[in-house]
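Accompanying notes for the structure given below.
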Ligand code: GLY
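Numbering (this note's numbering), first residue to last: 17 to 589.
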């Protein structure tokens, strides 16, 4: 009875005082029915920042109970799969970049891969036209999920047993949690698609609209998480869960097979690490994450430019950065793909001589034109995502970006298993020159092949200052991911901006094609006019990314910032 009234009071408080944003320096007990959005946390031991308050709280709780940053990351990742169904996932994939307290860089690739039955022209109709509805929605859009394999690769660096790290997620799925207002809106906006792309209606479908404070219970998902807890990655890639996935495929004409699942492996890659000026080393994810080429390219293109003199979001600064982005994304379309399948001259593309040669195409006085800028030809041959960052008291830093691709992935939930599948096949180039859902084009390098991993924009990044972790961050946002990471680096490393401003100030983006500068609605109007005068076309769009950033200063003070653009929350102690 007491419990019932307690819940009733919490529900009242939640509806009438919806999750408020504030700064805090400690955290309190996790209550899935009453929690707050915390945008800034200052602390000295450890912190977690993610897209959801409950996931951040779960991760921070693990840190406080003696887990290291890898433990906290795993617990956060499982919790996101429950409380943030639009992007947190076990049916998708992603990347982890980490720096251990002992100074080792780690990069884990758990990107989805094309099923064995996939083929180059699988999304073309009989006239050769691309059917992007099939690469974006429903069963055929799904790549073989990598998240669970990735988590078990991360576990090699953790201290605590998996059962402790997954239990908070099981509890959240089994007993439920209160939806935030933005989650309720997001679920309501996708109701028609959930009905269209599911053979069995999942728990997310409701006859009356979802509202803030409603409890979301996910019994099927809890059952799947219990199988993973008890049988490890086999609890997902084999046995009951694998059978439910393939049954779902059969009902909806998908092609993921039992063998595809059984043979999936996460891969340890060599992290990309490059010096920036004298003090900084930037550590990021290599291919198939495109940031591992584009970020060093773009940072080297601006390294000797007077950005500080230009100033934040001045016409000259935006012009320079946009032209740099244009050059990098032209190379992306031409050269980048899974390097296990296509020869990519990755290191050449960010070598100083190549970068300097590309910068000869930059005219400081004039807007460039994507018709005249192609991917370099002197090289030898070739939303919805979520990011979270963790830092622990020993100095381990973990940056993980994972994705279902679009919001709720392909919109199909595996019946009986309770999780959304990704629509990552759309990140391949389904036909040369045909834009994917982010407007990105590609060619041979990123063509579909069985077992191949589709090119990604995800760019989890760690910056070392004098060889010690200084920034741990990343963002979702499709093709805007790499440019958002680039802007955050410029803002902090070049313009000495506070971490809060670097995360929250308006962002802009250029990706070669379409030949437009995308800006957020609070981008300064006078700068917009100045850029238009230079010959740019500007297009206002929704929020660009949701950056989750931790900064550690030279005294050891930790500042964790959750992006203002969502429910993102920073928790530390
Ligand atoms: N699906 C978004 C990305 O990987 O870039």
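No residue lacks a Cβ here, since even glycine has one placed at the ideal position from N, Cα and C. In this text, all values refer to a predicted model and were calculated from it rather than measured experimentally.
- A direct Cα-to-Cα measurement between residue 436 and residue 507 gives close to 36 Å.
- Rounded to the nearest whole angstrom, the C-alpha separation of residue 342 and residue 533 is 10 Å.
- Look at residue 556 here: in three-state DSSP terms it is strand.
- In the structure shown, residue 527 falls within a coil segment according to DSSP collapsed to helix, strand and coil.
- As the crow flies, the alpha-carbon of residue 205 is around 31 Å from that of residue 273.
- For residue 261, DSSP records no beta bridge to any residue.
- For residue 404, DSSP records a beta bridge to 416.
- For the set 469, 433, 390 and 362, the Cα lying nearest the Cα of residue 216 is the one of 433.
- Cβ-Cβ distances below 6 Å link residue 116 to 412 in the same chain, with the five nearest sequence neighbours on each side left out; the list follows chain order.
- Contact annotation: the region 541-551 does not touch the region 479-487, with fewer than three C-beta pairs closer than 8 Å.
- Spanning the alpha carbons of residue 325 and residue 332 requires a straight line of approximately 10 Å.
- Listed in chain order, the non-local C-beta contacts of residue 511 below 8 Å within the same chain comprise 323, 324, 327 and 328, local neighbours out to five positions each way being set aside.
- Going by beta carbons, residue 568 and residue 486 fall inside the 9 Å limit.
- Listed as beta-bridge partners of residue 140 by DSSP are 146.
- Minimum Cα-Cα distance from residue 162 among the listed residues 310, 284 and 490 corresponds to 284.
- In this structure, residue 497 has its beta carbon less than 8 Å from a heavy atom of the ligand GLY.
- Counting only the Cα atoms, residue 192 lies some 13 Å from residue 46.
- Taking residue 240 as reference, the option from 581, 98, 86 and 442 with the minimal CA-CA separation is 98.
- Bridge pairing for residue 59: 574 [DSSP].
- Just measuring C-alpha positions, the residue of 311, 468 and 238 sitting nearest residue 279 is 468.
- The DSSP-derived three-state label of residue 295 is coil.
- Annotation: the continuous alpha helix (DSSP H) that includes residue 181 extends over 178-191.
- Your pair residue 441 and residue 157 checks out as a contact, with CB atoms roughly 5 Å apart and the cut at 8 Å.
- In summary, residue 55 is buried, with 16 or more beta-carbon neighbours lying within 10 Å of its beta-carbon over all protein chains present.
- Scanning its chain for C-beta atoms nearer than 6 Å, with the 5 sequence neighbours on each side dropped, one finds around residue 89 the residues 406, 414 and 416, in chain order.
- With distances taken between CA atoms, residue 305 lies nearest to 348 out of 314, 293, 348 and 527.
- Residue 364 is bridged by DSSP to nothing; it lacks a bridge partner.
- Residue range 250-253 is occupied by the alpha helix (DSSP H) that includes residue 252.
- Contact between residue 243 and residue 256 holds: their C-beta atoms lie close to 6 Å from each other, under 8 Å.
- By DSSP's assignment, residue 109 forms a beta bridge with 419.
- A straight-line Cα-Cα distance of about 17 Å links residue 340 and residue 364.
- Residue 368 counts as exposed, since fewer than 16 other C-beta atoms from the protein chains shown sit within 10 angstroms of its C-beta.
- Contact holds between the region 419-430 and the region 208-226, because three or more Cβ pairs, one in each stretch, are under 8 Å apart.
- Out of 174, 135 and 180, the CA that lies nearest to the CA of residue 463 is found in 135.
- Only buried fits residue 229, as 16 or more other CB atoms lie within 10 angstroms of its CB.
- In the DSSP assignment, residue 285 falls outside any alpha helix (DSSP H) and lies within the beta strand (DSSP E) extending over 283-285.
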